[in-house]
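Heads up, the sequence shown is in this note's numbering, so the first residue is 15 and it goes up one at a time. Beta carbons are placed, not taken as given, at the ideal position from N, Cα and C, and that holds for glycine.
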Amino acid sequence: MKTDIQIAQEAVMQPITEVAERAGIAAEDLELYGKYKAKLSDGFWEKVKDNEDGKLVLVTAINPTPAGEGKTTTTIGLGQAMAKLGKNAVIALREPSLGPCFGIKGGAAGGGYAQVVPMEDLNLHFTGDFHAITSANNLLAAMLDNHIQQGNALQIDPRQVVWKRCLDMNDRVLRNIVVGLGNKMDGMVREDHFVITVASEIMAVLCLADDLQDLKKRLGRIIVAYNFAGEPVTADQLEATGAMTALLKDAIKPNLIQTLEHTPALVHGGPFANIAHGCNSVRATKTALKMSDITITEAGFGADLGAEKFLDIKCRKAGLKPDAVVLVATVRALKYNGGVLKADLGTENLDALKKGIVNLEKHIENIQKYGVPVVVTLNSFVTDTEAENQFIRRFCEEKGCEFALSEVWEKGGEGGIALAEKVLETLETKKSSFHTLYEDSLSLKEKIETISREIYGAGKVVYEPAAEKQLARIEALGFGEFPVCMAKNQYSLSDDASRLGRPENFDIHIREVYVSAGAGFVVALTGAIMTMPGLPKVPAANQIDVSADGKITGLF
15 MKTDIQIAQE AVMQPITEVA ERAGIAAEDL ELYGKYKAKL SDGFWEKVKD NEDGKLVLVT
75 AINPTPAGEG KTTTTIGLGQ AMAKLGKNAV IALREPSLGP CFGIKGGAAG GGYAQVVPME
135 DLNLHFTGDF HAITSANNLL AAMLDNHIQQ GNALQIDPRQ VVWKRCLDMN DRVLRNIVVG
195 LGNKMDGMVR EDHFVITVAS EIMAVLCLAD DLQDLKKRLG RIIVAYNFAG EPVTADQLEA
255 TGAMTALLKD AIKPNLIQTL EHTPALVHGG PFANIAHGCN SVRATKTALK MSDITITEAG
315 FGADLGAEKF LDIKCRKAGL KPDAVVLVAT VRALKYNGGV LKADLGTENL DALKKGIVNL
375 EKHIENIQKY GVPVVVTLNS FVTDTEAENQ FIRRFCEEKG CEFALSEVWE KGGEGGIALA
435 EKVLETLETK KSSFHTLYED SLSLKEKIET ISREIYGAGK VVYEPAAEKQ LARIEALGFG
495 EFPVCMAKNQ YSLSDDASRL GRPENFDIHI REVYVSAGAG FVVALTGAIM TMPGLPKVPA
555 ANQIDVSADG KITGLF
């Protein structure tokens, strides 16, 4: 059986100019990065901005397991299937982070015969967007420390610096560091921290900004520290905004690549959904809606994280209204939730399936709370049995959901025809009455508790004393109407990664809360979630190599 990277490397790609031309994008509206990838110019948006929006379909999933779910694969395969049915569809995805590529998860270009290409480029440096975000983040950090060193006119309290440096790599030793060691000219000694680039507020800002001017305003609002009087100090006050914007002027432009079947894909931005808001850029999504009849996008990890944040943060901020949600599950993952060991997942086990399907049930109920029609799809594996598939089909139909099998990993677009037809039927016959889960006017605690109770199934929210003080300060500063971005492990509905299935009436523990004033949301950290991951005992990087002729191996 061929690996994903072998399939991708054997693909015959079309010049991106040809893919763009079929999508209605003129050569003059492309900024080329080689033959197979390009950025869309600002001029293209001006040409399409008055077009009527197409339909918006969100692809999400149950909680991830070691058995795999295939959400990105399904998103890409569905787009390919729509093209096979003659529909004008565009896929809108996030860019992969280097952290998972070299860590444990691997790349994020899809899989099998449902991939976007060039796969190696996308998973590595791509068009340099993440490097630009990292540079802008660290420029702000450097200017902050330089301001303190050069007399500290803003009276910044070094004990209340909240801006962290970043790196797009899993590097646990950088979580907590000391800077300024050495002599007097080496800066003030203080504790500092790193986050992974995808958790940087600048990543969130870039993904939520409408245009360059909006980006600039958001960057200027970023709070980097507090002064000795307890007042916030912003990037604007450090006079860092213009230079940061200069570093990001190209990164804000959406990237265009293609699937294995030459369907256009806009891949732009990449915040993680467990520690950030988990959606691709607003600009890419809005552009896709203007240039297609159907836009298919995804949100990271399970629906309790990615979908909730897509619906409550991205849609709220950008005025988007999804028309349908595709919820991805696998027989194997549901059996894993039912207590089956990974080694035994290939054996039919209806009893375990009945126990584990409660995870799918909770996600269905959650999406329905937003008033959006749900289509459940099973990402098919060869070990699945007819009895298992039929059990899940009946379960979904009893819950008021449409259901379809997906075989896109094995068959590409052809394997997604049944799913595409079910999605089209849903778009034609079921009206979305989308609404957010909570109102802006609720207090931050009420928002946290609404998400914890309604989406996770928690019974009580427990706040650390530090989090209580942080919430009070954030509301006193006037940020109480912001939506909440919950940082939580992706493996469980609870904040305990070991609690599979559908835990109920548990406590959610809030240990830290901070405001992302530029992005426009408040982040609440739960449990033991980390904003700088670490590498596993045997990282994926161990298997990656380059042959004598320059071909990358082991990337996926």
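Taking every protein chain shown into account, the CB of residue 396 has fewer than 16 other CB atoms within 10 angstroms, so this residue is exposed.
Judged by pairs of C-beta atoms under 8 Å, the stretch 315 to 331 does not touch the stretch 101 to 121, as fewer than three such pairs exist. Short of 6 Å from the beta carbon of residue 47, and not among the five residues preceding or following it, lie these beta carbons of its own chain, in chain order: 141. Segment contact: the stretch 347 to 367 against the stretch 67 to 80, three or more CB-CB distances shorter than 8 Å; contact assigned. Taking 9 Å as the cut-off, the beta carbon of residue 431 is found closer than this to the beta carbon of residue 99.
Taking residue 232 as the centre and dropping the five residues before and after it, the same chain places the C-beta of 219, 223 and 532 closer than 6 Å to its C-beta, in chain order. Closest option to residue 349, judged by alpha-carbon separation, among 405, 325 and 313: 405.
For residue 145, the three-state secondary structure derived from DSSP is helix. The count of Cβ pairs closer than 8 Å, one atom from the stretch 336 to 350 and one from the stretch 69 to 76, reaches three, so the stretches are in contact. Secondary structure remark: continuous beta strand (DSSP E) runs of at least 3 residues inside the stretch 200 to 259, in chain order: 204 to 206, 208 to 210, 237 to 241 and 246 to 248. Considered as a whole, the stretch 97 to 128 harbours 112 to 116 as its complete alpha helix (DSSP H) runs of no fewer than 4 residues, in chain order. Residue 269 sits in a strand when the DSSP states are folded into three classes.
Residue 557 sits exposed, since fewer than 16 C-beta atoms from the chains shown fall within 10 Å of its C-beta.
For the set 15, 126, 298 and 55, the Cα lying nearest the Cα of residue 25 is the one of 126.
Relative to the Cα of residue 85, the nearest Cα in the group 28, 343 and 58 belongs to 343. DSSP places residue 171 outside any alpha helix (DSSP H); the residue lies instead in the beta strand (DSSP E), whose first and last residues are 170 to 175. Counting along the chain, the unbroken beta strand (DSSP E) around residue 521 starts and ends at 521 to 530.
For residue 201, the CB contacts under 7 Å within the same chain, skipping 5 residues up- and downstream, are 159, 163, 193 and 194 in chain order.
Residue 187 carries a helical assignment under DSSP once its states are collapsed to helix, strand and coil. Rounded to the nearest angstrom, the gap between the Cα atoms of residue 138 and residue 282 is 14 Å.
In this structure residue 327 is in contact with residue 291, their Cβ atoms being roughly 5 Å apart against a cut-off of 8 Å. In the three-state scheme derived from DSSP, where H, G and I count as helix and E and B as strand, residue 337 is classed as coil. Spatial neighbours of residue 489 in its own chain (CB-CB distance under 8 Å, excluding positions within 5 residues in sequence) are listed in chain order as 457 and 458. Per DSSP, residue 317 lies in no alpha helix (DSSP H) segment and is marked neither H nor E. If only complete runs of 3 or more residues are kept, the stretch 375 to 417 shows the beta strand (DSSP E) at 388 to 393, in order along the chain. Residue 129 counts as buried, since at least 16 other C-beta atoms from the protein chains shown sit within 10 angstroms of its C-beta. Taking the C-beta atoms as reference points, residue 341 is found nearer than 9 Å to residue 75. A Cβ-Cβ contact shorter than 9 Å links residue 476 with residue 524. In this structure, the straight-line span from the alpha carbon of residue 373 to that of residue 411 is close to 16 Å. As computed with DSSP, residue 420 is found in a beta bridge with 393. Per DSSP, reduced to three states, the secondary structure at residue 81 is coil, with no helix or strand assignment. For residue 500, the enclosing beta strand (DSSP E) begins and ends at 498 to 501.
Residue 346: member of the alpha helix (DSSP H) spanning 345 to 351, first to last residue. Two segments are said to touch when three or more pairs of C-beta atoms, one from each, lie closer than 8 Å; by this definition the stretch 248 to 259 does not touch the stretch 27 to 40. In this structure, the beta-carbon distance from residue 19 to residue 570 falls below 9 Å. Counting along the chain, the unbroken beta strand (DSSP E) around residue 74 starts and ends at 69 to 75.
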